[in-house]
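Below: one structure, written as structure tokens.
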Amino acid sequence: MPLRRSAPARRTVRLATGSLVSLVTVLALPLTLPGTATATPDAGKTPAHPEQDWMGSTITEHEGVERAGGSEPRGAWSHKSVAGVDVSSHNRNVSWGKLRRMGVRFAYVKATEGTSYKNPYFNQQYRGSYHAGMIHGAYHFALPDHSGGASQARFFAHQGGGWSPDGRTLPGALDMEYNPYGATCYGKSHGEMVRWIADFVRAYRAETGRDAVIYTSTNWWKRCTGNSSRFGRTNPLWIPRYGSSVGSLPAGWRFHSIWQHTSSGHTVGDHNRFNGPFSRLKVLANGEDDD
Numbered sequence: 001m002p003l004r005r006s007a008p009a010r011r012t013v014r015l016a017t018g019s020l021v022s023l024v025t026v027l028a029l030p031l032t033l034p035g036t037a038t039a040t041p042d043a044g045k046t047p048a049h050p051e052q053d054w055m056g057s058t059i060t061e062h063e064g065v066e067r068a069g070g071s072e073p074r075g076a077w078s079h080k081s082v083a084g085v086d087v088s089s090h091n092r093n094v095s096w097g098k099l100r101r102m103g104v105r106f107a108y109v110k111a112t113e114g115t116s117y118k119n120p121y122f123n124q125q126y127r128g129s130y131h132a133g134m135i136h137g138a139y140h141f142a143l144p145d146h147s148g149g150a151s152q153a154r155f156f157a158h159q160g161g162g163w164s165p166d167g168r169t170l171p172g173a174l175d176m177e178y179n180p181y182g183a184t185c186y187g188k189s190h191g192e193m194v195r196w197i198a199d200f201v202r203a204y205r206a207e208t209g210r211d212a213v214i215y216t217s218t219n220w221w222k223r224c225t226g227n228s229s230r231f232g233r234t235n236p237l238w239i240p241r242y243g244s245s246v247g248s249l250p251a252g253w254r255f256h257s258i259w260q261h262t263s264s265g266h267t268v269g270d271h272n273r274f275n276g277p278f279s280r281l282k283v284l285a286n287g288e289d290d291d
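This is how it looks when you write it as structure tokens:
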């Protein structure tokens, strides 16, 4: 399966493994606890219930579940896809060994929301998935009406959302979905929303050398960005759809990288499939072409 990456991300890996080894020192190690954020929390903008805001928490409410789908398919996956999960504080301490025995091979963990919230279970979830032998990554729940995209990206990168060229760490993911606190599109026009996302992914790339994965539904993307095609060439797509197929994709993306296919899976609710074999998942972690 082809995989979207930008040239700067490939250069980052090759420099880190070549003579300019000093670059490695600016990248967060996979098992390092989150450091001190450089961003200052926005006064009066602390999320009211961040423990209730996880990847896909607003999708079923707004989009529903296919009558024929919504539960984890059994025996429906080929060797050309890889099982994964995503978790947040509402999952508390996760049984990573059990998930590993079930065949789960990658995990994304909520690290942050806005510029003030940090997942109190991040350490157990992020380190636990790694020690269970999984490839892991972190994600940020976006609140575009709280603060700028760049400030949220920097907060995320410094509070667990960094990247390391160890072959076991996935680029950070930006969770763009329905506003759990108010107006669906956070009070932003199509142009304003696109600029907010662009500011986030630009700042995240500056902090880590990687292009962030974008998690979003086609319906939300059309409604809140006007179906912008701006990010399809650079940012891998993670799409939620709780049914029998991925369905149509947002503009700009010819294929998805990850499919969140259910919110009612085993052990933890949210289960995913990487769109390719394990070798391609490692390519996404490495940030370079599989030459």
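Sequential numbering of the sequence shown, starting at 1, is according to the working numbering. For each residue, glycine too, the CB sits at the ideal point set by N, CA and C.
{"Asked": "Close beta carbons around Met193, own chain, < 7 Å, minus the five adjacent residues each side", "Found": "Pro144, Cys185, Cys224 and Thr225"}
{"Asked": "N-terminal and C-terminal residue of the beta strand (DSSP E) that Val194 is part of", "Found": "Counting along the chain, Val194 falls outside any beta strand (DSSP E), though it belongs to the alpha helix (DSSP H) covering His190 to Thr208."}
{"Asked": "Inter-stretch contact at 8 Å, needing at least 3 Cβ pairs: the stretch 82–90 / the stretch 103–115", "Found": "yes"}
{"Asked": "Closest by C-alpha distance to Pro165, when choosing among Val246, Gly148 and Gly137", "Found": "Gly137"}
{"Asked": "Other residues of its chain near Ala132: CB distance less than 8 Å, five sequence neighbours each side excluded", "Found": "Trp96, Gly97, Leu99 and Arg100"}
{"Asked": "Pairwise C-alpha distance: Arg241 and His62", "Found": "12 Å"}
{"Asked": "C-alpha distance - Ile258 paired with Asp199, whole-angstrom precision", "Found": "23 Å"}
{"Asked": "Paired residues, beta bridge with Phe255 - DSSP", "Found": "None; Phe255 has no bridge partner."}
{"Asked": "CB contact flag (Leu174, Val201, <8 Å)", "Found": "yes"}
{"Asked": "Strand pairing of Ile239, partner residues [DSSP]", "Found": "Trp259"}
{"Asked": "Secondary structure of Ser89, DSSP reduced to three states", "Found": "helix"}
{"Asked": "Buried/exposed call for Lys80, threshold 16 Cβ in 10 Å", "Found": "exposed"}
{"Asked": "Where Tyr308 falls: helix, strand or coil (DSSP)", "Found": "As displayed, the chain neither begins before 1 nor continues past 291, which places residue 308 out of reach and without an answer."}
{"Asked": "Cβ-based neighbour list, Asn196, same chain, cut-off 6 Å, excluding 5 preceding and 5 following", "Found": "Contrary to the premise, residue 196 reads as Trp rather than Asn in this sequence. Closer than 6 Å at the Cβ level, and outside the excluded window around Trp196, lie Pro144 and Gly149."}
{"Asked": "Rounded distance between the beta-carbons of Asn93 and Tyr121, thought under 8 Å", "Found": "7 Å"}
{"Asked": "Backbone secondary structure at Phe274 - three-state DSSP", "Found": "strand"}
{"Asked": "8 Å contact criterion, which Pro180 and Asp270 should meet: CB distance rounded", "Found": "Pro180 to Asp270, Cβ: 16 Å. No contact."}
{"Asked": "Gly137 (DSSP reduced to helix, strand or coil)", "Found": "strand"}
{"Asked": "Per DSSP, cross-strand counterpart(s) of Lys80", "Found": "DSSP lists no partner for Lys80."}
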